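Before any comments, here is the structure.
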Amino acid sequence: MFLTSNHQILEHVLGDRKFLKKSDKYKFLKPWLGNGLLTSEGEIWKKHRRLLTPAFHFEILQEFVQVFEKCGDILVERFQNEIGHSFDVYPYVTFCTLDIIYESIMGVNLNVQKGDSAEYVDSVHDMTRIMIERSVSPIQVHDFLYRFTKNYSTQKRALEHLHRQSTEVINARKKELQEMRNLGRSSKATKSKKVFLDLLLEARIDGRGLTQEEVDTFLFAGHETTASAVSFTLFCLANHPDVQEKALEEQRSIFPDENKMKVTHADLQSMKYLELVIKESMRLYPPVPIIGRQIPTDTKFGDKLLPQGDSLIIFSFGIHREEKYFEDPEKFYPERFERRDGKLPYGYIPFSAGPRNCIGQKFAMLELKSVVSKIVRNFELQPTFPVHELQLVAESTLKSANGVKVKMHPRKLNFAF
């Protein structure tokens, strides 16, 4: 295993199609995600990527905005119960991003925020924790020996719930489509909900369907990464009141009319400063802190020879904090992204980079802007006292073992919505 933050190596590996194969550590997610977009490789990955890319077309993304807004409204309601004291925003945000992925991408409304999906979230945590532990354990790395461990029993329970959940999503959408057909309604009326899950329901590659594994993949990847990004952005805003004030002023300029209650795609696109804030938050706290690739053939980088089959681990968390990429890297300074001008593109990789970058990054940025801006308009974010010290842990996504804690106070503004 070779850990790197070298820019030349990053550009070579992430930009070269010979290095598309993920690190073999990802194989520990295959019992859950199968050959989904995150874990597949070779021709299977290429076919899946080609099939799924149209589902994230610009015109389709515009139609998701009202889903973001509706789910964000529920999140604001839930935050009202935590006014005035320190609390961990991450569990609340996680349920919100789950709601968003269910309704926008899968086309089903499960009202996660108003119900209880703790078992799903716990099962996701178990699977990602087990992946990390198996990748470093000399015993659990072997499938035969792994079957005699406690983690194996935990994985069986987690997989049972996770696969049951995705099956329920698929069946719910099938039922809705059948009801529409029975009523003689055109699916064009629900285009925004049709494009992804319906595409999977209809698709076959090499004679096999790909619904279950991609639903599992997008339920996981589509909520975990954005939950991390939203939570750490709120933490950064709470601890940098000057930045928060600038973000608020931008909201005031976009929404001068207190009677304008519907946020549009154009409104989100005009949130230029908030986008800088989100980018800077993801620099300091990248949702995916490590990226793994497998070396396809014996490859020499400088004076280092990496043997075929070895794993190359790209430590994006460390890369984002290197002074050769970012001046004063420990400082939270959103304005730095006004003047990057595309320099060292592989020095900033919150969505990975190259041909195997995140297929949903434009979707994610719109979602982040919608949710974070709504919170900024409705609440003043404040740091905890004493200041909350994050205990960062790198699982499949970046988390804090002791939570992501802030304080909130309602804003006394006419335009808050």
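Okay, so the sequence shown: first residue is 570 according to this note's numbering, each after it adds one.
We put the CB at the ideal spot given by N, CA and C, even for glycine.
These figures come from a predicted structure and were not determined experimentally.
- Are the Cβ atoms of residue 702 and residue 915 separated by less than 8 Å? no
- Query: Would DSSP call residue 792 helix, strand or coil?
  - Reply: helix
- Task: Assign residue 734 to one of two classes, buried (16 or more other C-beta atoms within 10 Å of its C-beta) or exposed (fewer than that).
- Result: buried
- Can you tell me whether DSSP reads residue 919 as helix, strand or coil? strand
- Local conformation of residue 963 per DSSP, three classes: Annotated three-state conformation of residue 963 is strand, per DSSP.
- Decide if residue 612 is buried, meaning its Cβ has at least 16 other Cβ atoms within 10 Å, or exposed. Taking all protein chains in view, the Cβ of residue 612 is surrounded by fewer than 16 other Cβ atoms within 10 Å, so the residue is classified as exposed.
- Item | C-beta atoms of residue 636 and residue 688 nearer than 8 Å | no
- Message: Please list the terminal residues of the continuous beta strand (DSSP E) segment that includes residue 975.
- Response: 974–979
- Query: Should residue 926 go down as buried or exposed, given a rule of 16 or more other Cβ atoms within 10 Å for buried?
  - Reply: exposed
- Message: So residue 655 and residue 953 are supposed to be a Cβ contact under 8 Å. How far apart are they, rounded?
- Response: Between residue 953 and residue 655 the Cβ distance is about 4 Å, and since that is below 8 Å, they are a contact.
- Cα-Cα separation between residue 822 and residue 864, rounded to whole angstroms: 50 Å
- Query: Can you name the residues that DSSP bridges to residue 949?
  - Reply: Paired residue(s): 978.
- First and last residue of the alpha helix (DSSP H) that includes residue 822? 810–823
- Query: Who are residue 883's beta bridge partners in DSSP?
  - Reply: 573, 860
- Task: Within its chain, find whatever has a CB closer than 6 Å to the CB of residue 608; leave out the 5 residues flanking it on each side and keep chain order.
- Result: 595, 598, 599, 602
- Give every residue of the same chain whose Cβ lies closer than 8 Å to the Cβ of residue 935, excluding the five residues on either side of it in the sequence, and list them in chain order. 630, 633, 634, 637, 834, 837
- Message: For residue 898 and residue 850, what's the separation of their Cα atoms in angstroms?
- Response: 12 Å
- Message: Would residue 813 and residue 945 qualify as a contact pair, given that the criterion is a beta-carbon distance under 8 Å?
- Response: yes
- Query: residue 697 lies in the alpha helix (DSSP H); which residues open and close that run?
  - Reply: 687–705
- Query: CA-CA distance, residue 758 and residue 971?
  - Reply: Legend: pLDDT at residue 758 = 47, less than 50; position of this residue unreliable, value from coordinates given subsequently. Approximately 44 Å, taken between the alpha carbons.
- Query: Should the segment 574–591 be called in touch with the segment 868–881, which here means at least 3 C-beta pairs below 8 Å?
  - Reply: yes
- State buried or exposed for residue 840, treating a residue as buried only when at least 16 other CB atoms are found within 10 Å of its CB. buried
- Query: Hey, how far is the Cα of residue 962 from the Cα of residue 677?
  - Reply: 32 Å
- Item | Where the alpha helix (DSSP H) through residue 874 begins and ends | Segment 873–875 is the beta strand (DSSP E) holding residue 874; no alpha helix (DSSP H) there.
- Under the rule that 16 or more other beta-carbon atoms within 10 Å means buried, what is residue 753, buried or exposed? exposed
- How should residue 626 be labelled, buried or exposed, when 16 other C-beta atoms within 10 angstroms of its C-beta is the threshold for buried? With fewer than 16 Cβ atoms within 10 Å of its Cβ, residue 626 is classed as exposed.
- Message: Relative to the C-alpha of residue 950, which candidate in 806, 620, 745 has its C-alpha closest?
- Response: 806
- Message: What does the alpha-carbon distance come out to for the pair residue 761 and residue 848?
- Response: Bear in mind that the predicted position of residue 761 carries a pLDDT of just 43, short of 50, making it unreliable; the figure below should be weighed with that in mind. Using only the alpha carbons, I get a separation of about 27 Å.
- Item | Sufficient close CB pairs (3 or more, under 8 Å) joining the segment 879–896 to the segment 786–794 | no
- Can you check the segment 611–656 for any alpha helix (DSSP H) of at least 4 residues that lies completely inside it and give the ranges in chain order? Entirely contained in the segment 611–656, the alpha helix (DSSP H) runs reaching 4 residues are, in chain order, 611–621, 627–631, 634–648.
- Alpha-carbon to alpha-carbon, residue 875 and residue 640: Approximately 47 Å between the Cα atoms of the pair.
- Span separating the alpha-carbon of residue 861 from that of residue 854: 18 Å
- Hey, how far is the Cα of residue 940 from the Cα of residue 644? Rounded to whole angstroms, the separation of the alpha carbons of residue 644 and residue 940 is 9 Å.
- Within its chain, find whatever has a CB closer than 8 Å to the CB of residue 784; leave out the 5 residues flanking it on each side and keep chain order. Here the set comprises 675, 735, 738, 739, 766, 769.
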